[in-house]
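This report refers to the structure that appears directly beneath it.
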Amino acid sequence: MSYLKPLKTPLFKVFQPEKIGEALAETFNSGFIAEGAKTAQFQQEVGRFLHNPQTILMNSCTMAITVAYRLCGVVAGSEVVTTPLTCVASNQPILSLGAKAVWADCDRSTGMITAETIKPKITDKTKAILVLHKEGDLARMDEILTLAQSYGIKVIEDAAHAFGARYKNRPVGTVGDFACFSFQAIKHITTGDGGALSCKSEEDFLRGKRLKWFGVDRDVRTDISPWEQDVQEWGYKGNLNDIASTIGLSQIKHAHEIVSRFHAVGERYNQLLRDVPGVTQIKRDNSDYSSYWAYCLVVENRKGLIAKLHEHEIGAAQIHPRNDIYSMFEVSKCHLPETDWFNSRELSIPSGWWVTDEEQARIVEVIKSGW
């Protein structure tokens with residue numbers, strides 16, 4: 178993909194703390210590299226950062242989303258209302274459970290689904306609503322939650338792009354019924370690969386811990402092997418290990434600093450790219466704190482602007498093309514006029530800690546120069 182080409186100012190870059198090699202050596206030399214003390218410590222730190230102790234570490238955000246669907250009651254023959262404008266990792270788990278993805282159209286001013294676009298798609302088969310916080314910007318959760326509660330449906334926030342974001346001063350991870358986070362290589366913080374699931378209810382949290390690991394809660398230790406007792410519900414091999422957690426512990430020490438820099442760069446783009454011909458800014462609520470994983474724009478002649486930016490060694494791409502173009506989602510095909518419009522125009526540019534003020538000024542200058 179184009180945004181992975183080595184460029185002077187890449188779209189994504191891995192944050193590398195000092196002395197991480199020493200921390201990894203200590204973990205290896207301990208002789209214990211499975212899920213253990215490091216993972217327990219990292220889970221506690223993540224829960225503290227998200228202001229939700231009912232947070233479960235997993236080996237990917239995809240696994241977190243899969244478990245969240247299970248907790249919502251998604252089974253064969255049921256439906257999930259979701260967006261096609263996301264990574265396939267958000268929607269393939271629906272298929273893995275034998276359910277159907279039901280596409281809601283987006284609001285063209287944000288690229289995200291809304292209560293208004295979700296409501297017509299709800300049926301008696303709907304078991305969950307998945308809402309993506311796109312590139313770290315925040316969906317209109319209050320309206321969506323009110324709608325979902327009126328139907329008795331749970332809401333999953335796909336917060337893969339939104340670690341450290343706040344919706345109306347509420348940390349993402351405390352808003353919906355579930356929030357799923359990604360620690361994959363190019364996210365705000367990384368464990369190499371990994372994820373987390375935050376739960377609103379204690380019941381879901383306790384069940385989620387069991388689903389994460391073959392139906393057994395690893396935190397419950399007795400003198401009897403768990404395999405000599407009844408396992409009531411099947412689960413996954415979805416746990417994070419101490420190697421990944423060691424990386425995560427070195428990263429999360431810098432999480433506030435990292436997210437703050439992403440946010441600052443994004444906010445500065447809001448000022449520098451105002452009233453630029455051919456460029457429309459995403460509609461953002463001033464009461465939100467976006468984590469600006471990437472800075473999303475709506476542009477005319479996207480292909481031309483990408484070529485111009487790449488000519489100046491600046492990363493740019495539509496990060497996640499729409500999912501409904503894939504044959505695996507053939508049964509979900511429907512008319513989505515606003516998604517059609519947004520999908521043909523959305524573009525993301527670098528917004529991370531590696532983007533200095535000077536580099537940002539250069540990016541803006543290239544965009545303003547025409548293409």
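In this text, residue positions in the sequence shown follow the numbering used here: the first is 178, and each later residue adds one.
All C-beta atoms, glycine included, are put in the ideal place defined by N, C-alpha and C.
Item, Value
"Is the number of C-beta pairs between the region 276-295 and the region 247-265 that are closer than 8 Å three or more?", "yes"
"For residue 342, which of helix, strand or coil comes out of DSSP?", "coil"
"Enumerate in chain order the residues of its own chain whose CB-to-CB distance from residue 337 is below 6 Å, with the five nearest sequence positions on each side excluded.", "238 and 359"
"Check the DSSP bridge columns for residue 331 and list the partner residues they point to.", "305"
"Does the contact criterion of 3 or more C-beta pairs under 8 Å hold for the region 476-490 versus the region 243-250?", "no"
"Taking the alpha-carbon of residue 504 as reference, which of 311, 188 and 278 has the nearest alpha-carbon?", "278"
"Please identify the residue among 303, 307 and 300 whose C-alpha is closest to the C-alpha of residue 290.", "307"
"Taking the C-alpha atoms as reference points, what is the distance between residue 241 and residue 212?", "16 Å"
"Under a Cβ-count criterion, where at least 16 other Cβ atoms within 10 Å of its own Cβ denotes burial, should residue 568 be classed as buried or exposed?", "Since the first and last residues shown for the chain are 178 and 548, residue 568 lies out of range."
"In the DSSP output, what is residue 372 paired with across the bridge?", "235 and 359"
"For residue 335, does the count of other Cβ atoms within 10 angstroms reach 16, so buried, or fall short, so exposed?", "buried"
"Excluding sequence positions up to five away, which residues of its chain have a Cβ less than 8 Å from the Cβ of residue 370?", "236, 237, 360, 361, 362 and 421"
"Okay, do the region 473-482 and the region 348-355 touch, 3+ Cβ pairs below 8 Å being the bar?", "no"
"Rounded to whole angstroms, what is the Cα-Cα separation between residue 501 and residue 195?", "42 Å"
"Can you tell me which of the three DSSP states residue 394 falls into?", "coil"
"Looking only at C-alpha atoms, which of 295, 348 and 301 sits nearest to residue 322?", "295"
"Which residues bound the beta strand (DSSP E) around residue 513?", "No beta strand (DSSP E) contains residue 513, which DSSP labels as neither H nor E."
"Say whether the region 202-219 touches the region 412-431, bearing in mind that this needs 3 or more beta-carbon pairs closer than 8 Å, one atom from each stretch.", "yes"
"Within a Cβ cutoff of 6 Å, which residues of the same chain sit near residue 230, ignoring the five residues on either side of it in sequence?", "224"
"What residue does the beta strand (DSSP E) around residue 259 start on, and which one ends it?", "256-259"
"Could you check the C-alpha separation between residue 528 and residue 343 for me, to the nearest Å?", "17 Å"
"Between the Cα of residue 312 and the Cα atoms of 512, 541, 522 and 496, which residue gives the shortest distance?", "496"
"What first and last residue would you give for the alpha helix (DSSP H) that runs through residue 437?", "432-449"
"Answer yes or no: do residue 444 and residue 469 have a C-beta to C-beta separation smaller than 9 Å?", "yes"
"Per DSSP, residue 472 forms a beta bridge with which residues?", "526"
"Spell out the partners DSSP gives residue 494 in its beta bridges.", "525"
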